[in-house]
Ligand code: NCD
Ligand code: ZN
Ligand code: ZN
Ligand code: ZN
């Protein structure tokens, strides 16, 4: 048995408000604890999207009464909230901008709105982007011109990680995350998964893209699940929405890579605890740790999971390394399959500023 610090997942969709049949703050934070995460940063592409004070208050109220682990809430950059969203910055873990088509209504069109959001958002608070291919180049340039730090979500391709390496080499404050599914799956897995279940943004890429992520891990700041639950029937139905659940498989996949010598435990701790905490200015969670059995071999089964979506793209995979117990703020929160803290135990980490935690 070994101890890890509480893991932080900087990219999670909990579907509340608006689509709680897929997930809510209760089921999603239970899944987080079962996966070894003691804090999740949740995305604003809900219904309604989190772009103004009433929608943010709705999410905050749901989280306060239902979350079992700690959390931060992202605000969404919309077409109409450039002038108002920055006044809410102190209540959020960051601003999320969607530059490409994905699930939800938050895609930004055009150049001016992108420039205005980056320019108006407080310079010391994080901006995270969904930006693929040439959208990434645009986001990097604007952040550079306005001297703003930028966090790039779910980097999936060789050309993108190369661009991020180049940006870091000239000293610009860009950070990025990769997902376990882009590290462990490729487009060759889509036929097995089925077309609907294989839908995810960014798409599963080539083996060369996957290999480039592994080869450039030194410029990857964070691991992020992009836990994006849609129900099994939605994924198998007409017009399947993109997204994979990931909270309950991420650590097992990464520990399997550790057991194979492809990753060290330090590599994992830096990307799943140290860096997310630093980038998003989150306070240290005291007396918080995860106990891991490094030798336990287990088979992924969606049937035992806490997520509401009832499927996983990793079904049947044999993994080595398993979460046994999670202690959150000196309370045993998870042990061997059981969630031991009630809804409402989780705290909002969003509003703590960088200054307060130093
Ligand atoms: C995400 C979702 O379902 O909310 N889907 C996805 O395929 N990743 C949206 C996103 O993160 O782009
Ligand atoms: Zn995205
Ligand atoms: Zn996402
Ligand atoms: Zn720490």
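In our numbering, the protein residues as written are 297 to 654.
Where a beta carbon is used, it is the ideal one built from N, C-alpha and C, also for glycine.
Since the structure is predicted, the reported quantities are computational estimates derived from the model, not experimental observations.
Assigned secondary structure, residue i (DSSP; H/G/I helix, E/B strand, else coil)
{"i": "residue 415", "result": "helix"}
{"i": "residue 348", "result": "coil"}
{"i": "residue 610", "result": "coil"}
{"i": "residue 364", "result": "coil"}
{"i": "residue 392", "result": "strand"}
{"i": "residue 317", "result": "coil"}
{"i": "residue 623", "result": "strand"}
{"i": "residue 548", "result": "helix"}
{"i": "residue 309", "result": "coil"}
{"i": "residue 355", "result": "helix"}
{"i": "residue 482", "result": "coil"}
{"i": "residue 381", "result": "helix"}
{"i": "residue 574", "result": "helix"}
{"i": "residue 515", "result": "helix"}
{"i": "residue 325", "result": "helix"}
{"i": "residue 520", "result": "coil"}
{"i": "residue 602", "result": "coil"}
{"i": "residue 503", "result": "helix"}
{"i": "residue 438", "result": "helix"}
{"i": "residue 532", "result": "helix"}
{"i": "residue 386", "result": "helix"}
{"i": "residue 495", "result": "coil"}
{"i": "residue 537", "result": "coil"}
{"i": "residue 376", "result": "coil"}
Cβ shell of residue i (< 8 Å), same chain only, five flanking positions each side left out
{"i": "residue 486", "result": "494, 500"}
{"i": "residue 569", "result": "300, 301, 302, 303, 304"}
{"i": "residue 314", "result": "342, 343, 344"}
{"i": "residue 650", "result": "Confidence at residue 650 is low in this model, with a pLDDT of 42, below 50, so the placement of that residue should be treated as unreliable; the coordinate-derived value is given next. The residues are 420, 577."}
{"i": "residue 434", "result": "395, 407, 410, 427"}
Residues bridged to residue i (per DSSP)
{"i": "residue 594", "result": "615"}
{"i": "residue 634", "result": "631"}
{"i": "residue 339", "result": "Bridge partners of residue 339: none, in fact."}
{"i": "residue 408", "result": "Answer is none; residue 408 lacks a bridge partner."}
{"i": "residue 300", "result": "586"}
{"i": "residue 471", "result": "447"}
{"i": "residue 371", "result": "391"}
{"i": "residue 526", "result": "Partner(s): none; residue 526 has no beta bridge."}
{"i": "residue 243", "result": "Coverage of the chain is limited to positions 297 through 654, which leaves residue 243 absent and any answer about it impossible."}
{"i": "residue 644", "result": "367"}
{"i": "residue 424", "result": "392, 447"}
{"i": "residue 333", "result": "303"}
Cβ-based burial, residue i [other Cβ within 10 Å; buried from 16]
{"i": "residue 627", "result": "exposed"}
{"i": "residue 407", "result": "exposed"}
{"i": "residue 357", "result": "exposed"}
{"i": "residue 376", "result": "exposed"}
{"i": "residue 390", "result": "buried"}
{"i": "residue 593", "result": "exposed"}
{"i": "residue 272", "result": "The chain is shown from 297 up to 654; residue 272 falls before or after that span and cannot be answered."}
{"i": "residue 355", "result": "buried"}
{"i": "residue 353", "result": "exposed"}
{"i": "residue 350", "result": "exposed"}
{"i": "residue 652", "result": "Reliability of the predicted coordinates at residue 652 is poor, the pLDDT of 44 falling under 50, and the value obtained from them is presented with this limitation in mind. The residue is exposed, with fewer than 16 neighbouring Cβ atoms inside 10 Å."}
{"i": "residue 582", "result": "exposed"}
{"i": "residue 298", "result": "exposed"}
{"i": "residue 654", "result": "Unreliable placement is indicated for residue 654, whose pLDDT of 33 sits below 50; the coordinate value is still reported in the next sentence. Result: exposed."}
{"i": "residue 534", "result": "exposed"}
{"i": "residue 511", "result": "exposed"}
{"i": "residue 366", "result": "buried"}
{"i": "residue 466", "result": "exposed"}
{"i": "residue 317", "result": "exposed"}
{"i": "residue 444", "result": "buried"}
{"i": "residue 634", "result": "exposed"}
{"i": "residue 597", "result": "exposed"}
Contacting residues, own chain, Cβ-Cβ under 6 Å from residue i (five flanking each side not counted)
{"i": "residue 363", "result": "321, 325, 642"}
{"i": "residue 543", "result": "327, 328, 331, 521, 523"}
{"i": "residue 572", "result": "304, 306, 518"}
{"i": "residue 361", "result": "640"}
{"i": "residue 481", "result": "500"}
{"i": "residue 400", "result": "341"}
Cβ-based neighbour list, residue i, same chain, cut-off 7 Å, excluding 5 preceding and 5 following
{"i": "residue 412", "result": "378"}
{"i": "residue 646", "result": "368, 369, 387, 388, 389"}
{"i": "residue 505", "result": "452, 453, 454"}
{"i": "residue 479", "result": "506, 509, 510"}
Proximity test, Cβ basis, 8 Å: residue i and chain E
{"i": "residue 323", "result": "Looking for chain E here will not work: only one protein chain is present."}
| field | the stretch 368–386 touching the stretch 329–346, judged by at least three CB pairs closer than 8 Å | value | yes
| Inter-stretch contact (C-beta, 8 Å, three-pair minimum) for the stretch 313–324 and the stretch 592–609 | yes
| query | Should the stretch 438–445 be regarded as contacting the stretch 496–513, the criterion being three or more beta carbon pairs within less than 8 Å? | reply | no
| Touching or not, the stretch 555–572 and the stretch 633–644, by the rule of three or more beta carbon pairs under 8 Å? | no
| At least 3 beta-carbon pairs within less than 8 Å: the stretch 588–596 vs the stretch 538–557 | yes
| task | Answer yes if the stretch 405–420 comes into contact with the stretch 450–469, meaning at least three C-beta pairs across the two stretches below 8 Å, and no otherwise. | result | no
| query | Can at least three beta-carbon pairs, one atom from the stretch 565–583 and one from the stretch 525–541, be found at a separation below 8 Å? | reply | no
| task | Flag this pair as touching only if the stretch 609–618 and the stretch 335–343 have three or more C-beta atom pairs under 8 Å; answer yes or no. | result | no
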